[in-house]
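Asker: Going down the list, the protein sequences come from chains A and B.
Under the working numbering, the first residue of the first sequence is numbered 1, with each subsequent residue one higher.
Under the working numbering, the first residue of the second sequence is numbered 1001, with each subsequent residue one higher.
One structure, as structure tokens, below. Some questions next.
2 protein chains.
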Amino acid sequence: MGDERLDAVFFALADPTRRSVVRRLISRESVTATQLAGDLPITRQAVSKHLAALVDAGLVAGHREGRETRYRLTPGPLDAASAWLGVIEAQWDGRLERLRRHVEDGPR
Amino acid sequence: MGDERLDAVFFALADPTRRSVVRRLISRESVTATQLAGDLPITRQAVSKHLAALVDAGLVAGHREGRETRYRLTPGPLDAASAWLGVIEAQWDGRLERLRRHVEDGPR
DNA sequence: TTGTGGTGCAACCTTTTGGTTGCGCATCTG
DNA sequence: CAGATGCGCAACCAAAAGGTTGCACCACAA
Chain A
1 MGDERLDAVF FALADPTRRS VVRRLISRES VTATQLAGDL PITRQAVSKH
51 LAALVDAGLV AGHREGRETR YRLTPGPLDA ASAWLGVIEA QWDGRLERLR
101 RHVEDGPR
Chain B
1001 MGDERLDAVF FALADPTRRS VVRRLISRES VTATQLAGDL PITRQAVSKH
1051 LAALVDAGLV AGHREGRETR YRLTPGPLDA ASAWLGVIEA QWDGRLERLR
1101 RHVEDGPR
């Protein structure tokens, strides 16, 4: 039951603004909340909260640099989400396969 | 910006109870809200709301059968989530690769 | 030293979540 | 038919999400 990490990752990805931040961070290397707020239709404070959610999920890390805080992508935790999805899809395929064989070879 | 489907899928997966429902539905083929409420520490009504979220994401479908409503897994939309994660991870790897080559071959 | 730009923190507000209880209706069963 | 059983709808509630504004503070530049 202790997959709070998974909770946080899926939660972080459930918001389009946050997914957009992730995508921007692939090409931009590092970014500040103020910069993001320039591109997005929301306040710097709102951006800041979204970044906090991403940091909480471990998807982003921020470090202060002089008077600004730069955030960079740390996409490791995406693997946890990928893995979960992979297991589910694999088990589902397994079930279908078992069902198919059951029909082909006949029951019993 | 029209990936509301993705919103719904990630949102549905962000809750441990809902993930648990998905997992149960792999081995059980179909289930009712009342059955789930028997296993889980919450009310049938709460389960019902979780199922509504899963239905909204297209991950589960329910159809009435006599006096009970049976829910079965329809995991198709998981592909959208997988695909999104795949693209992000691929682009990230691409960025790292480009960076590595940049260092190896020397800048310019 | 006096601005100025960038942050973080806190208060506040509205909407959504996740949960509950209560009820009425439909559907099987004895 | 008379109970059970299962469901959906609605009301209600506390807490969290997502957003805003205001403010104090720190770092840098003139």
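A virtual CB, placed ideally from N, CA and C, is assigned to each residue, including glycine.
What residues of chain A sit near B/Glu1089, judged by a beta carbon separation below 9 Å?
Answerer: The answer, in chain order, is Pro75, Leu78, Asp79, Ser82.
Asker: Given a cut-off of 8 Å, decide if A/Ala80 and A/Tyr71 are closer than it, judged by their beta-carbon atoms.
Answerer: No; because the gap between Cβ atoms is not below 8 Å, this pair is not in contact.
Asker: Look at the alpha carbon of A/Gly86 and the alpha carbon of B/Leu1040, and state the distance between them as a whole number of angstroms.
Answerer: 25 Å
Asker: Under 8 Å, Cβ to Cβ, is there at least one residue of chain B near A/Ala14?
Answerer: yes
Asker: Buried or exposed for A/Ile42, please, with buried defined as at least 16 other CB atoms from any protein chain shown within 10 angstroms of its CB.
Answerer: exposed
Asker: Step through the CB atoms of chain A and report whether any lies within less than 8 Å of the CB of B/Arg1024.
Answerer: no
Asker: For A/Val60, write down the residues that DSSP places opposite it in a beta bridge.
Answerer: A/Leu73
Asker: Mind pulling the chain A residues with CB within less than 7 Å of B/Ala1056?
Answerer: According to the sequence as given, residue 1056 of chain B is Asp; it is not Ala. The contacting residues do not exist; B/Asp1056 stays about 12 Å from chain A at best.
Asker: Can you tell me which of the three DSSP states B/Thr1034 falls into?
Answerer: helix
Asker: For B/Arg1018, collect the residues of the same chain with a Cβ closer than 8 Å to its Cβ; drop the 5 residues on either side in sequence, then sort them by chain order.
Answerer: Counting only Cβ-Cβ distances below 8 Å, and skipping sequence neighbours, we find Ala1012, His1050, Ala1053, Leu1054.
Asker: Can you find the residues in the same chain that come closer than 7 Å, C-beta to C-beta, to B/Phe1010, ignoring five residues on each side of it along the sequence?
Answerer: Cβ within range, chain order: Ala1081.
Asker: What are the boundary residues of the alpha helix (DSSP H) that A/Gly66 is part of?
Answerer: It is not in any alpha helix (DSSP H) - A/Gly66 carries neither H nor E in the DSSP assignment.
Asker: Starting from the C-beta of A/Thr69, find all residues in its chain whose C-beta is less than 8 Å away, skip the five residues before and the five after it, and write them out in chain order.
Answerer: Once the five neighbours on either side are set aside, the close Cβ partners of A/Thr69 are Thr32, Ala33, Gly62, His63.
Asker: Can you tell me whether DSSP reads B/Asp1079 as helix, strand or coil?
Answerer: helix
Asker: How would you list, in chain order, the residues of chain B whose beta-carbon sits under 9 Å from the beta-carbon of A/Asp3?
Answerer: Pro1016, Arg1019
Asker: Please report the residue range of the alpha helix (DSSP H) in which A/Ile26 lies.
Answerer: Looking at the DSSP string, the run of the alpha helix (DSSP H) that includes A/Ile26 is 16-28.
Asker: Listing by chain order, which chain A residues have their CB less than 8 Å from the CB of B/Asp1007?
Answerer: Ala14, Asp15, Pro16
Asker: Specify the secondary structure class of B/Leu1040 as computed by DSSP and reduced to three states.
Answerer: coil
Asker: Any beta carbon from chain A within less than 8 Å of B/Arg1095's own beta carbon?
Answerer: Interface residue, yes.
Asker: I need the straight-line Cα distance from B/Glu1029 to A/Arg98, nearest angstrom please.
Answerer: 13 Å
Asker: Excluding the 5 residues flanking B/Arg1024 on each side, which residues of the same chain have their C-beta closer than 8 Å to its C-beta?
Answerer: Counting only Cβ-Cβ distances below 8 Å, and skipping sequence neighbours, we find Val1031, Leu1036, Asp1039.
Asker: Taking B/Asp1007 as part of the alpha helix (DSSP H), name the residues at either end of that continuous run.
Answerer: 1004-1013
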